[in-house]
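Residue numbers (the numbering used here), protein chains in the order written: chain S, 1482 to 1746; chain V, 10 to 249.
In this text, a Cβ means the ideal position worked out from N, Cα and C, and glycines have one as well.
If you're wondering where the values come from, they're calculated on a predicted model, not measured in any experiment.
Remarks on the structure that follows.
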């Protein structure tokens, strides 16, 4: 109930300007239906990795935080309409979104990995350079238009790249043996491995992150309105400190059982 | 803009060759298959003509994209196909699968076009050939086929253009032809309008060349029947 009132207040306050952070309050837009990043219960309480990151950020900035739950595709329009100050909702920093809003530094990033048949030569590789070299002439599946596709075009130019409109189509071809390997983020590949079709496959033990190559994107960031450069500077600084002292990593361990925090440059 | 053209054109030209190859091989297979189906359709055996009729109904009555997906994703899941080395050789590769679908599809249309051409051959000419003692094969080669192809060529030219455009669907099964490369360039540059405009021009160029070739073949086949002014009925001639 209290949160609903706060949300209502935030809507009213939002129309008056977005300098809320300076006045001791930060309103955060989040999806609330994307476990384990952001979940909201019947009472409107938001939990998950993003809720923890938001709470850490508010403590650091010495402001009170409250969450506004909103469908994912409406988050950017709502931010532009100043219904909240920032978006923290597992949102990847992409060129398209950057045309609409600003992003903080990336605070998290899922590992990008290859998947290959159990017992194949590829599956045994443990370092990234050998892996990229051994892709020469191999049929490699990737989703069209993703950072993964751009990465392979640049770093594995001699691979026979097969691009798919959807991950489902890529999984069908992987299972039928038309492609030797596929490249995607770990959660997408895990989804395949958990299906019956994926029982003869395994992840190749090499995690490739965007620190290895910037074409892999800039990770997941906090969305901020484009005209709010003051807030962006504050959040960037706070996030870097939180990543450096391991607080974000600890929150990640709690929700993902692994550290997905992204080192801040 | 100049940078974009310099980036896109060489890549799309690579796709142009793939598009041309897909069209050429599909048409080569599809034409022969279609001619065979047309002869089956006109044969007196109800089994042969029935098969040809249902074949053309099925392949003309379903979208090419659905056929491509059925061959690529559908057949690729059957262990019967995967265990057979020859079948798997065809089905495992996107471009071979696209050729298969395009060839079988164009064969259905070709059979209908050729059937119309063969039916237009006057019965009197065939009877005359029979009376001269020509064998069936010789009669087909010298009388029926040349006359039928003259009738069928304008409609067949249309079908060839449809095959060229149909190859763009191969991009949905990972084949990198003009459309496949265009999609890839689109996600690299976000210059959707420019990239697809260039791709469209390339298709247009292929089809213009194709139309010119078909016109000249038409002119060659009609050389003894027409005036220098193409397309007009022959004028009555008077002896000097």
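Which residue marks the beginning of the beta strand (DSSP E) containing residue 1684 (chain S), and which one marks its end?
1682-1684
With a threshold of 8 Å between beta carbons, is residue 1629 (chain S) in contact with chain V?
no
Could you work out which residues of chain V lie near residue 1653 (chain S), taking near to mean beta carbons separated by less than 8 Å?
82, 85, 86
For the alpha helix (DSSP H) that residue 251 (chain V) lies in, which residues bound it at each end?
Because chain V spans 10 through 249 in this model, residue 251 (chain V) falls outside it and cannot be assessed.
Chain S residues whose Cβ lies nearer than 9 Å to that of residue 193 (chain V)
1625, 1626, 1630, 1634, 1642, 1644
Okay, do the region 1639-1650 of chain S and the region 1613-1625 of chain S touch, 3+ Cβ pairs below 8 Å being the bar?
yes
Expressed to the nearest angstrom, what Euclidean distance is found between the alpha-carbon atoms of residue 1503 (chain S) and residue 1518 (chain S)?
At residue 1503 (chain S), the pLDDT of 47 sits below 50, so the modelled position is not reliable and the matter cannot be decided from this model.
Assign residue 1573 (chain S) to one of three DSSP states: helix, strand, or coil.
strand
On a Cα-Cα basis, can you pick out the residue from V:44, V:103, V:210 that is closest to residue 115 (chain V)?
V:44
Closer than 8 Å, CB to CB, is residue 1659 (chain S) near chain V or not?
yes
Under a Cβ-count criterion, where at least 16 other Cβ atoms within 10 Å of its own Cβ denotes burial, should residue 229 (chain V) be classed as buried or exposed?
exposed
Beta-bridge partners of residue 1594 (chain S), as assigned by DSSP
S:1665
Suppose contacts are defined by Cβ-Cβ distances below 8 Å. Is residue 156 (chain V) in contact with residue 31 (chain V) by that definition?
no
Inter-residue CB distance, residue 1559 (chain S) and residue 1565 (chain S) (contact presumed, cutoff 8 Å)
7 Å
What beta strand (DSSP E) runs, 3 residues minimum, are completely inside the region 1503-1557 of chain S?
1506-1511, 1519-1521, 1545-1550
In terms of residue numbering, what span does the alpha helix (DSSP H) encompassing residue 41 (chain V) cover?
11-51
With respect to the beta strand (DSSP E) encompassing residue 81 (chain V), which residues constitute its N-terminal and C-terminal limits?
Careful: residue 81 (chain V) lies outside any beta strand (DSSP E) and carries neither H nor E.
Backbone CA spacing between residue 1638 (chain S) and residue 49 (chain V) [nearest angstrom]:
49 Å
Am I right that residue 13 (chain V) and residue 188 (chain V) are in contact with their C-beta atoms under 8 Å? What's the rounded C-beta distance?
Wrong, their Cβ atoms sit about 18 Å apart, outside the cutoff.
For a minimum of 4 consecutive residues, which ranges assigned as the alpha helix (DSSP H) are wholly contained in the region 1630-1656 of chain S?
none
Check whether the Cβ atoms of residue 1696 (chain S) and residue 1614 (chain S) lie closer than 8 Å to each other.
no
Check the Cβ of residue 76 (chain V) against every Cβ in chain S and list those closer than 7 Å, keeping chain order.
Under the 7 Å cutoff, chain S gives no residues; its nearest Cβ is about 17 Å from residue 76 (chain V).
When the Cα of residue 179 (chain V) is compared with those of V:145, V:226, V:81, V:53, which residue comes out closest?
V:81
Taking Cβ-Cβ distances shorter than 9 Å, what residues in chain S pair up with residue 196 (chain V)?
1625, 1626, 1627, 1630, 1631, 1644
Would you identify the three-state DSSP class for residue 214 (chain V), choosing helix, strand or coil?
helix
Within 10 angstroms of the Cβ of residue 211 (chain V), are there 16 or more other Cβ atoms? Answer buried if so, exposed if not.
buried
Could one say the Cβ of residue 104 (chain V) lies closer than 8 Å to chain S's Cβ atoms, at least one of them?
no
Cβ neighbour criterion (16 or more within 10 Å) applied to residue 1513 (chain S)
buried
Beta carbon proximity, residue 24 (chain V) to chain S, threshold 8 Å
no
Buried or exposed, going by whether 16 or more other CB atoms sit within 10 Å of the CB of residue 33 (chain V)?
exposed
With the cut-off set at 8 Å, would you say residue 1544 (chain S) and residue 1521 (chain S) are in Cβ contact?
no
Using CA atoms only, rank isn't needed, just tell me which of S:1712, S:1685, S:1715, S:1665 is closest to residue 1590 (chain S).
S:1665
With DSSP collapsed to three states, give me the class of residue 93 (chain V).
coil
Euclidean distance between Cα positions of residue 1669 (chain S) and residue 225 (chain V)
55 Å
For the beta strand (DSSP E) that contains residue 1587 (chain S), what are its first and last residues?
1583-1589
Pick out whichever of S:1594, S:1712, S:1686, S:1538 has its Cα sitting closest to the Cα of residue 1632 (chain S).
S:1594
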